[in-house]
Every structure is written in C-alpha cells, then in structure tokens.
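Working notes, beginning with the structure itself.
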Amino acid sequence: MANDTTHTKTQSLLTFPCEFIIKAFGAASDEFEVAVISIIKNHIKDLHEDTFRTRPSKDGKYFAITITVHVDSQEQLDQIYRELSANPLILMAL
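My numbering applies: residue 632 is where the sequence shown begins, and numbers increase by one.
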C-alpha cells in the first residue's frame, strides 16, 4: 500500500502568477540597499521605485527593505530567495 504522506514534490500554497512581498534585513548601508535591489532586478525586470520601502531599525543600525513583486512561478521565487540568502550583506530574507 502506498504511503499518501510522501510526495516527490511539495505543492505551493500560492497560485501563480501573483503579487508577493519579500523582506530583506541587513546592516544599514547603501551597499545593502543596492545589493537587494540588484538581486531583485535580476529576476523581476519591471521593478519600479515605488514597489519597495526601506525602514531603519530603532537604533538605525539595520535596514529592512520590503519589496512587492509580481512573480510568475515558484521556481522564480525560489531563485530570488537563494540569491538573497547567498549574499553576505543580507542577514535575513523573508
């Protein structure tokens, strides 16, 4: 009898294409902002300035960048997160 709890692929709870909010956190610096925006632009060609917000932490030591993007697939979203996570300037991506 086959086990119904094992799957070779996990199904996404998202329906693509869709709007998705990505948050990235790092030390407050121009380099951090440039890195995040550059990575997102590698995957989202029509990124506009009004799609992201930068907010400093209470003590100004860190930045949080929130970007709303239009993604076409789970693979595209996974690629964005892999690249964000691999960058040493980005402490966390959600």
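Yeah, the Cβ is synthetic: ideal placement off N, Cα and C, and Gly gets one too.
Check: Could you tell me which residues DSSP puts in a beta bridge with ARG686?; Outcome: ALA695
Check: Could you compute how far the alpha carbon of THR639 sits from the alpha carbon of MET723?; Outcome: The predicted position of THR639 is uncertain, since its pLDDT is 41 and thus under 50; a value taken from the coordinates is nonetheless stated next. Distance between the alpha carbons of THR639 and MET723: 28 Å.
Check: Nearest to LYS654 by CA position, among ASP681, PHE694, LEU645 and LYS672, is which residue?; Outcome: PHE694
Check: According to DSSP, GLU680 sits in a beta bridge with which residue or residues?; Outcome: Note: GLU680 sits in no beta bridge, so no partner.
Check: Give me the residue from ALA659, HIS674 and ASP703 with the minimum Cα distance to LYS689.; Outcome: ALA659
Check: Span of the alpha helix (DSSP H) holding PHE767?; Outcome: The shown model of the chain, from 632 to 725, leaves out residue 767, and the question about it has no answer.
Check: Excluding the five sequence neighbours on either side, which residues of its own chain have a C-beta within less than 6 Å of the C-beta of LEU725, listed in chain order?; Outcome: LYS654
Check: With a CB to CB cut of under 8 Å and the five nearest residues on each side skipped, what residues in its chain are close to ASP681?; Outcome: none
Check: If ILE675 and PHE683 are in contact, beta carbons under 8 Å, what's the gap, nearest whole angstrom?; Outcome: Their Cβ separation, rounded to whole angstroms, is 11 Å, which puts ILE675 and PHE683 out of contact at 8 Å.
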